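To keep things clear, I will list the structure first and then write my remarks on it.
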Amino acid sequence: MMWTWTDCLCVNLLLLLQRAGSEKFEVLGPTRAIVAVAGDEVILPCYIKPNISAEDMRVDWFRFNLPDTQSNTQVHLYQDGRDKYHDQIHSYRGRTSLFKEELKKGNTSLKLIRVQGTNDGHYTCLVQSKTHYDDATIQVYITAIGSKPEVSIEGQKEGGMALLCVSKGWFPEPELEWLDSEGVTLSAGPLETDRDYEGFYIVKLKTTVKETDINRFTCRVRHSQLHEVMETGFHISSELILVHEEAWRIAFALIVSGHCGHISFHYLALEWFAQ
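Residue numbers for the sequence shown, in mature numbering (1 follows the signal peptide of the UniProt record, and there is no 0): -22 to -1, 1 to 253.
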């Protein structure tokens, strides 16, 4: 049988189409969000269907809409048979890896160690061959149980004692409240929130209390999603309240007088009462 030039061209086209069709694949991830505990490690599942090898493909894990990263959104990149870290987000350095022995089975999952609060959010797993690409998006929720509330006295304010409560290391943001000895919520200032360098929440709440029969107050931090509650009780002696009230009265009287010598005594009086 004689092959014509047209026959050869048709056969080559069929082979190319067959090869291109064989390289088509779908990238799949979990249907539910992944929950990770701060400080632990987590695996973000991602794999190819059908289970063809990804050893010669590009595997790109990245994120979008991140603060303080400018255009750098790369979490991990595998290309040309090796990992590349040149454009990796700095906070992920030394904390990401792929399962190299599993790439030939189509497993492109990402392992993330020493999980931080800033790792919360959406991740995209992009797999690309020479002729085809697909991606999957994974939602990651980070949880962290913070510290027991720390309570301190800030001094006299509006005829009462100003108290400060601080709790650190939470994710997501918790609730904070002050309670009296009967468990009734006290009025307080606005909740102050901040985040540390790893993205965990620091919460602060101030309240002003007046003398009661018991003079016992409680600061409670609560996280409904984590089902976690911590409390710190705080007792103020009546003598301490009286000392602070008397110091406040003396200071106020001396400031009103306006004499230089009196103002100097005002500072000495406050220093004495603080001892």
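Ideal Cβ positions, reconstructed from N, Cα and C, are used throughout, including at glycine. Every value quoted in this text rests on a predicted model; they were computed, and no experiment measured them.
Asked                                                                                                                                                                           : Found
With a CB to CB cut of under 8 Å and the five nearest residues on each side skipped, what residues in its chain are close to residue 42?                                        : 51, 100, 102
State the DSSP-derived secondary structure class of residue 175, mapped to helix, strand or coil.                                                                               : coil
So with Cβ pairs under 8 Å, would you call residue 100 a contact of chain C?                                                                                                    : Reference to chain C is not applicable here, since this structure consists of a single protein chain.
Could you give the distance in angstroms between the alpha-carbon of residue 81 and the alpha-carbon of residue 93?                                                             : 24 Å
Could you check where the beta strand (DSSP E) with residue 15 kicks off and where it finishes?                                                                                 : 12 to 15
Could you please give the first and the last residue of the uninterrupted beta strand (DSSP E) stretch that includes residue 26?                                                : 25 to 27
What are the partner residues of residue 54, as DSSP defines its beta bridges?                                                                                                  : 39
I need the straight-line Cα distance from residue 79 to residue 60, nearest angstrom please.                                                                                    : 12 Å
Is the beta carbon of residue 142 closer than 8 Å to that of residue 196?                                                                                                       : no
What three-state label does DSSP hand residue 84 in the structure shown?                                                                                                        : coil
Going by C-alpha distance, which of 139, 134, 96 is nearest residue 147?                                                                                                        : 96
Is it right to say residue 66 is buried, meaning 16 or more other beta carbons lie within 10 angstroms of its own, or is it exposed?                                            : buried
Around the Cβ of residue 198, are there at least 16 other Cβ atoms within 10 angstroms (buried) or fewer (exposed)?                                                             : buried
Specify the secondary structure class of residue 109 as computed by DSSP and reduced to three states.                                                                           : coil
Which one or two residues does DSSP pair with residue 214 in a beta bridge?                                                                                                     : DSSP output for residue 214 lists no bridge partner at all.
Cβ of residue 161 versus every heavy atom of the ligand GTP: is any distance shorter than 7 Å?                                                                                  : Here there are no bound small molecules, and the ligand GTP is not part of this structure.
Would you tell me roughly how many angstroms separate the C-alpha atoms of residue -3 and residue 109, rounded to the nearest one?                                              : Note that residue -3 has pLDDT 45, beneath the 50 cutoff, so the model's placement of it is unreliable and the number below is only indicative. Going by the C-alpha atoms only, they are around 7 Å apart.
Compute the distance between the beta-carbons of residue 6 and residue 114, then report whether it is under 8 Å.                                                                : yes
Please classify residue 188: does DSSP put it in a helix, a strand, or coil?                                                                                                    : coil
Could you tell me the alpha carbon to alpha carbon distance between residue 180 and residue 187, rounded to whole angstroms?                                                    : 23 Å
Taking the Cβ atom as the reference point for each residue, do residue 166 and residue 16 lie within a distance shorter than 8 Å?                                               : no
Drop a sphere of 10 angstroms on the beta-carbon of residue 32, count the other beta-carbons inside from all chains shown, and report buried for 16 or more, exposed for fewer. : buried
Any idea what DSSP makes of residue 95, helix, strand or coil?                                                                                                                  : helix
Please classify residue 84: is it buried, with 16 or more other beta-carbons within 10 angstroms of its beta-carbon, or exposed?                                                : buried
Please name the residue in 155, 194, 112 whose C-alpha comes closest to that of residue 185.                                                                                    : 155
In angstroms, rounded to a whole number, what distance separates the CA positions of residue 128 and residue 119?                                                               : 27 Å
Around the Cβ of residue 8, are there at least 16 other Cβ atoms within 10 angstroms (buried) or fewer (exposed)?                                                               : exposed
With DSSP collapsed to three states, give me the class of residue 68.                                                                                                           : helix
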